[in-house]
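As structure tokens, the structure follows; a few thoughts come after it.
Protein chains: 4
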Amino acid sequence: MNRPSEQSPPSGFRARLHTVIFEADTPAGRAFDIALLWAIVFSVVAVMLESVAQVRAGYGHWLHIAEWIFTVLFALEYVLRLVAVRQPLHYARSFFGVVDLMALLPSFLSVLFPGAQTLLVIRVLRLLRVFRILKLGHLLGQAEVLLTALRASRPKIIVFLGTVLSIDVIMGAVMYMVEGEAHGFDSIPRSMYWAIVTMTTVGFGDITPKTVLGQFLASILMVMGYGIIAVPTGIVSVELAAAARQSLDTQACPGCGAQGHDPDARYCKRCGTALDWAPSRPTG
Amino acid sequence: MNRPSEQSPPSGFRARLHTVIFEADTPAGRAFDIALLWAIVFSVVAVMLESVAQVRAGYGHWLHIAEWIFTVLFALEYVLRLVAVRQPLHYARSFFGVVDLMALLPSFLSVLFPGAQTLLVIRVLRLLRVFRILKLGHLLGQAEVLLTALRASRPKIIVFLGTVLSIDVIMGAVMYMVEGEAHGFDSIPRSMYWAIVTMTTVGFGDITPKTVLGQFLASILMVMGYGIIAVPTGIVSVELAAAARQSLDTQACPGCGAQGHDPDARYCKRCGTALDWAPSRPTG
Amino acid sequence: MNRPSEQSPPSGFRARLHTVIFEADTPAGRAFDIALLWAIVFSVVAVMLESVAQVRAGYGHWLHIAEWIFTVLFALEYVLRLVAVRQPLHYARSFFGVVDLMALLPSFLSVLFPGAQTLLVIRVLRLLRVFRILKLGHLLGQAEVLLTALRASRPKIIVFLGTVLSIDVIMGAVMYMVEGEAHGFDSIPRSMYWAIVTMTTVGFGDITPKTVLGQFLASILMVMGYGIIAVPTGIVSVELAAAARQSLDTQACPGCGAQGHDPDARYCKRCGTALDWAPSRPTG
Amino acid sequence: MNRPSEQSPPSGFRARLHTVIFEADTPAGRAFDIALLWAIVFSVVAVMLESVAQVRAGYGHWLHIAEWIFTVLFALEYVLRLVAVRQPLHYARSFFGVVDLMALLPSFLSVLFPGAQTLLVIRVLRLLRVFRILKLGHLLGQAEVLLTALRASRPKIIVFLGTVLSIDVIMGAVMYMVEGEAHGFDSIPRSMYWAIVTMTTVGFGDITPKTVLGQFLASILMVMGYGIIAVPTGIVSVELAAAARQSLDTQACPGCGAQGHDPDARYCKRCGTALDWAPSRPTG
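Protein chains in written order, with the UniProt record's numbering: chain A, 1 to 284; chain B, 1 to 284; chain C, 1 to 284; chain D, 1 to 284.
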């Protein structure tokens, strides 16, 4: 995401190209980005529509043409991006560079393997650019908070997933023995699928226990799942609360060093000293 | 909701009408409002009953008559409301004004399009008036707290919904390719419907994966949904806690009237004045 | 639950009876209570077993006899309880008095209405006595904390349930119109049942939308339900945290009045004064 | 888990054996442990594959042989572990000793009872050793935090489970009477299974209410389940927060060494000594 090549853009034609394609500050750049967004949305919708049998029967030909037009446009855009940056390889290996390329390949693959164009929905990832274009930087900040909270919980989450997986393997084997193939539990992997469907409280009902013992074991599994669902929720709540608190607790009073002041505090709540980190506020 | 026309009600007949229809402080006004509430409840129940085939067969005629009586009554009430206020347009464009009108239209629409009277259930929104009538203002305060908590979480919720939608589009396309039409995944939109049914742990079971790969991918989606469900819960918990904390800190500074001090604050965080509501604590 | 008649129990035979039946402190009282508990468990299990067709075919006669023996025993116990207390009406109107009586009636009702004996499972409520017998008073304290947390959240919960009900009525009517009787949505009440099944993420799958529009609306309802599930969880978390905090925050320092000391604090964390509310702890 | 026999390992051959088998610090020990982990994974996967009919048809013979090879290897390992420790009985009765033995038995059982080898999946528990091998001790610390949080909530969880079970018994009996055998509610135990499936929001849909009254009662049960799901989540959240807070308050008083002071404490709450870790705060 941090592309040093953009800090010092090339001059002349490439510089102008760079401004239009990579930046959203100039009218031309903004117009380009908005046009790009709509092209991505239309191209994803076209892929979706093509998958609907009735639409394909009536408009399949046109959707096919639209798809190739979008692919050519995006290929052109990809080449222009490579031209516009000083270090094309750097861009090509960046997150958006890889996504941009992957968003092209399925069209060409579909020549060899009909149906591969369905993978074009990966273009939806290109929409992540919307954050930069619509100046929604503060939303990214929120995503950051969410990710920080999740990252801080990673060890707990690993322990949690390990527990879920162990229960899943053992319950899968037990239910395979108790219910057997006659009731749909026709292999341990399938029983494990059922156990996950049950523990996560999804409960499709495509496979269900029929015997009294099986239903009893399923009941226990469900109540356990009910309790287990509380663990990730509790973890995330606590970490989110900690993340929210931390963003408040970083200012120390110059008089007594007390922390934990509210964001709108002007005077230390302990000793009454004016807080000098807020120069834009009247301190008198 | 804030109707300036009511602060200075018209005099004479319109003033009396206004008091009866819009206020709930006088016996007449209270009687009118309670009669209105029951009329709304009965009218909604009538619409529900008419949709039940057995009831319609036996009492359809009477329900039809009742419906029109309610509609005429509500239309009369709507006209009276327009007459009673000084600025009829102001009322007509207010939230309750629009709901009152929309609660009438389906009856007339049903003359042209049989069945449209089902829309009359929108009358249920008129019951929101119950809060004013039954002096349940404190409940509205609670709704306010809930809404504040949700509004404060809006950026996080947008990021969250964006993530859910992206996973939904990609999983929808992948499952459409993996399972195909033979197993019910007959288009990407339908696969996306399945992915949402799965991720939200609803799990109807009308469409379910049958292949081993499909069930494996579904398992991953389910465990992810299990984790994702933790995010909104955590967000709302943290914001509710923050909202609850704020409502406690209602002491005003004697110097500048600022509020929102921490429970253990000794000096106003705004102006540095010693906070005198805590006489038992040393202020030096 | 507070039975003044027990503070001053009658003398002689009734006093001894009272001690045995109502108290669990003497060996005889404890033995009586434990025997009672097992009788309740066996009687409930007998009712359950009688409902299983295979068991009823083989042992129905014996279960029927057992049921009547338990009923006669419990009737005898009820009479003895009435005799043992000074104010029989006071006991008869207490929570346990009503439950004890209701636990007898279904047997007699079943003479008139075969099948009514199923209601005997209400005897399970009599097991609540287990808390007193097994000295599990601290568990009752926990139940108290849970109930306090729920009671404090009551206004928020009413607003929440009102919102859920409104969405339910409107979605029920809309889905009834969109899907219609052909797809199982054959009346508004049934559609409302479906909407609740969906919003609570239960998702039986006995009724499911088949049209594209219906599946789209269902998806929105599911994501909303996903968010709505966060509200009660958040409410209860916050109230539980507040209840836990309150039990800590009730002691003020005699020197400076500061609160919020830990339960094991001996000196004020603010001014260093010895905290005198803890006479059993050394203060030097 | 604490095996005193390992603190003073035997000398000579047994000492070397002990180092290789029980420790993961030497290259040989680490290689042994990693080889063991892979053997466990392969053996569990073999059991799973054998349960799949197609795989069994093609490779059943080879999987059977692999199973016995793994069993012989693990039996050898078990004997070596007994030899390597000073107090074999101590190891044999430890958690891992019991698991190691139980991971062998199903193979021998399967000679008498074909199909018993499915129980070999219990070997998955042996993977818990992975924590020591991969130096994931901090993950165990996280598991400790989770367990502490759950243990602290035990009384609340018992009350909660008691409530769920009572509702389950009563709703099971009521639905058995309301819906009856014709709609799948063919005994109270089966109705209780349905009530748990519904309350936990799993909702298989294998048994569903068909009557209006049954669907109404089910709706109430679902909304209750919706609220009840909030209780364990709230409990775990609060306890996790408390556990997290405690791990922060690790500063020791310079006077008496007491810990657990609040972050804003100035004086030791035990002995009244000024806490000197906060030199920037006025101590007078």
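The C-beta atom is built at its ideal place from N, Cα and C for all residues, glycine as well.
- When C-beta distances to chain D are compared with 7 Å, the residues of the stretch 173-200 of chain A below that value are Ala173, Tyr176, Met177, Asp186, Ser187, Ile188, Pro189, Thr198, in chain order.
- Against chain B, the beta carbon of C/Ala241 has neighbours under 8 Å at Ala241, listed in chain order.
- Scanning its chain for C-beta atoms nearer than 8 Å, with the 5 sequence neighbours on each side dropped, one finds no residue around C/Gly227.
- Around the beta-carbon of A/Val111, fewer than 16 other beta-carbon atoms lie within 10 Å, marking it exposed.
- Shortest Cα-Cα distance from B/Ile40 to any of B/Leu104, B/Ser51, B/Ala28 involves B/Leu104.
- Here D/Phe95 is exposed: its Cβ has fewer than 16 other Cβ atoms, across all protein chains shown, within 10 Å.
- Taking 9 Å as the CB threshold, A/Gly205 lines the interface with chain C.
- Look at B/Asp206 here: in three-state DSSP terms it is coil, with no helix or strand label.
- Against chain C, the CB of B/Pro232 has a partner CB under 9 Å away; the residue lies at that interface.
- The C-beta of C/Ala53 comes closer than 9 Å to at least one C-beta of chain D.
- In the structure shown, the three-state DSSP call for D/Val212 is helix.
- Distances from the CA of A/Phe160 to each of D/Leu37, D/Ile158, D/Glu144, D/Val174 were compared; the closest alpha carbon is that of D/Glu144.
- Residue state for A/Val52 is assigned as coil, using DSSP reduced to three classes.
- In chain order, Ser237 make up the part of chain B whose C-beta sits under 7 Å from the C-beta of D/Ser237.
- Closest by C-alpha distance to C/Met224, out of C/Glu239, C/His183, C/Thr201, C/Val20, is C/Thr201.
- Legend: CB atoms of the stretch 114-128 of chain B lying less than 9 Å from CB atoms of chain C belong to residues Gly115, Ala116, Thr118, Leu119, Leu120, Val121, Ile122, Val124, Leu125, Leu127, Leu128.
- DSSP, reduced to helix, strand and coil, places A/Leu82 within a helical segment of the structure shown.
- If you draw a straight line from the Cα of B/His18 to the Cα of B/Val85, it comes to about 7 Å.
- Taking the Cβ atoms as the reference, C/Glu179 lies roughly 7 Å from C/Lys210, within the contact range of under 8 Å.
- Taking C-alpha positions only, B/Phe32 is separated from B/Val197 by approximately 45 Å.
- For A/Val212, the closest C-alpha among the options D/Arg190, D/Gln215, D/Ala218, D/Gly203 is that of D/Arg190.
- The distance from the Cβ of A/Thr118 to that of A/Ser187 is about 29 Å, inconsistent with a contact at the 8 Å cut-off.
- Under the three-state reduction of DSSP output, D/Glu67 falls in the helix class.
- Taking a contact as a CB-CB distance under 8 Å, the pair A/Gln215 and D/Tyr193 counts as one, their CB atoms being some 4 Å apart.
- Taking 9 Å as the threshold, the shortest C-beta distance from D/Thr148 to chain C does not fall below it.
- Taking a contact to require three or more Cβ pairs closer than 8 Å, the stretch 232-241 of chain D and the stretch 146-154 of chain D qualify as touching.
- The contact set of B/Ile229 on chain C, defined by CB atoms closer than 9 Å, consists of Thr201, Tyr226, Ile229, Ala230 in chain order.
- The residue among C/Met199, C/Ala230, C/His183 with its C-alpha nearest the C-alpha of C/Ile207 is C/His183.
- Only Val44, Val47, Met48, Ser51, Val52, Ala53 from the stretch 35-64 of chain B bring a Cβ to less than 8 Å from some Cβ of chain C.
- Residue-level contact by beta carbon fails for C/Gln87 and chain B, as no gap is shorter than 9 Å.
- D/Val145 has a beta carbon lying at 9 Å or more from every beta carbon in chain C.
- Between D/Ala243 and D/Thr148, the alpha-carbon positions lie close to 8 Å from each other.
- Annotated as distal: A/Val99 and A/Ala92, with beta-carbon spacing of 9 Å or more.
- Put simply, of A/Thr26, A/Arg14, A/Ile34 the residue whose alpha carbon is nearest the alpha carbon of A/Arg126 is A/Ile34.
- In the displayed model, D/Gly184 falls within coil according to three-state DSSP, outside both helix and strand.
- At least 9 Å separates the CB of A/Val98 from every CB of chain B.
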